[in-house]
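Each remark here refers to the structure printed beneath this line.
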Amino acid sequence: MSQDSPKRAVASKTQFFKIASAALRDAWTDFVLSRQAMQCTKHTMAFYQKMLSGFLDWLEEQGITEPQQVTARHVRQYLAQFADKSDWYLNGKARAVRTLLRFWHREGYLPQPVTFEMPKIRQKRLPFLTAEQIQTVLAACGLREKALIMLFADSGLRISEVCNLNRCDVDITTGAVVVRQGKGRKDRLSAIGATTRRTLLAYMRTAPDQEDSAPLFQTRDGRRFSVSGLQSFFCRLSRKTGVKVSAHRLRRSFATLALQNGIDLVSLQLLLGHNSLETTRRYIQWLDSDLLEAHRASSPIDNLVKQSGRKK
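Residue 5 is where the sequence shown starts when you use my numbering, and the numbers rise one by one after that.
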């Protein structure tokens, strides 16, 4: 047993044992333990806590004291309360509830599976930075900040993945970037181009800690940047430039601009660390000009006319 297990147990009691019903409490605790046994990340555990604690409280308010009493009608009533929330929030709630109920059925807490229709996520254009906006942002940056923005926009890495990078994880010669324990605790390979590498190399020469095992991006005193620290940096940069900058917008910018420049979807999926192409497609923000150009190149009627002209 690891040294932090007692602390984790205390945290579990504090967070999960407030449920009055012993049957619900035991079934919930079993679910939490199963996620810990699966070595879910702290982020994933926090997601379940955030999304499911309200569901359990609501069940008790409805007089539900045992898991086997839960029905699809209860789930629909609960989710209906969040109809005015964003599609992603409502879908996240539903996904968490579905995971919990599937576990309860698999482990015998529920005699029959509880199935319900998942809230749909409407397709909409998500914000990203254009090439011109990236140039504007870079013009306002010092060397360290410039290297940081270029790495985000050139690799599509998540903010936590950039924070976790060490100097030895980047091969300046080839551009290979080793992402260790990314989302879902998966290692993968990413890449950056020659221009980004030159800027990054210039910054690395000025970093306080020059050891291979040192953080790639360091604070003034050589410490590793935290996620909140980088988020604060993006907020300051947004105010300074008038361009809304965030790690996620830069990640979407990478996906969109890389596709515009000819990358194939499968390679893009692997570089982004997505499990499915459907997730990758949601990141791609097609521009009106791209759609018009794509139609001009493949218009069925225009091509029919061209073919008829050739026959004549």
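C-beta: ideal position from N, C-alpha, C; glycine also.
DSSP three-state label for residue i, please.
| i | result |
| --- | --- |
| A195 | strand |
| V249 | coil |
| A98 | helix |
| A13 | For A13, the predicted structure reports a pLDDT of 41, less than 50, and the residue's modelled location is therefore unreliable. The matter cannot be settled from this model. |
| Q222 | strand |
| L291 | In this prediction, L291 has a pLDDT of 49, which is less than 50 and means its spatial position is unreliable; nothing more can be read from the coordinates. |
| R209 | coil |
| R228 | strand |
| I23 | coil |
Does residue i pass the burial test, meaning 16 or more other C-beta atoms within 10 Å, or should it be called exposed?
| i | result |
| --- | --- |
| Y93 | exposed |
| T18 | With a pLDDT of 38 at T18, under the threshold of 50, the modelled position of this residue cannot be trusted; read the value that follows with caution. Classification of T18: exposed, given that the 10 Å Cβ count is below 16. |
| G146 | exposed |
| M42 | exposed |
| E121 | exposed |
| Q222 | buried |
| L37 | exposed |
| Y212 | Tyr is not the amino acid found at residue 212; the sequence shown has Pro there. P212 is exposed by the Cβ-count criterion. |
| L60 | buried |
| R77 | exposed |
| R255 | buried |
| T178 | exposed |
Thinking just about the alpha-carbon of each residue, which of the options is nearest to the one in residue i?
| i | options | result |
| --- | --- | --- |
| W32 | K248, T134, E64, C172 | E64 |
| N168 | P115, L205, T200, G233 | G233 |
| V249 | L263, A157, A206 | A157 |
| Y82 | E136, F237, V101 | V101 |
| D176 | D191, S271, A198 | The identity of residue 176 in the sequence shown is Ile, whereas the question assumes Asp. Residue A198 is the option with its Cα nearest to I176. |
| F361 | R110, M55, W108 | Only positions 5 to 316 of the chain appear in the structure, and residue 361 is not among them; the question remains open. |
| R162 | T119, I125, Y52, S257 | S257 |
| F35 | D173, G67, P71, L254 | P71 |
| D191 | A144, E165, M208, Q214 | E165 |
| T210 | T75, G226, S217, I196 | G226 |
| L205 | R148, L261, D30, Q139 | R148 |
| D216 | Q264, R99, R171 | R171 |
| T48 | T69, I196, F237, T103 | T103 |
How is the alpha helix (DSSP H) around residue i delimited, first residue to last?
| i | result |
| --- | --- |
| V36 | 26 to 41 |
| V181 | Looking at the DSSP string, V181 is not in any alpha helix (DSSP H); the run it does join, the beta strand (DSSP E), is 180 to 183. |
| V270 | 269 to 276 |
| V166 | 163 to 168 |
State yes or no: is the C-beta of residue i nearer than 8 Å to some heavy atom of the ligand FMN?
| i | result |
| --- | --- |
| V101 | The ligand FMN is absent from the structure shown, which contains no ligands of any kind. |
In chain order, each alpha helix (DSSP H) run of at least 4 residues that lies wholly inside the stretch 108 to 147:
The stretch 108 to 147 contains these whole alpha helix (DSSP H) runs: 135 to 143.
Tell me the start and end of each unbroken alpha helix (DSSP H) in the stretch 53 to 105 that is at least 4 residues and wholly inside, in chain order.
Complete alpha helix (DSSP H) runs here, min 4: 76 to 84.
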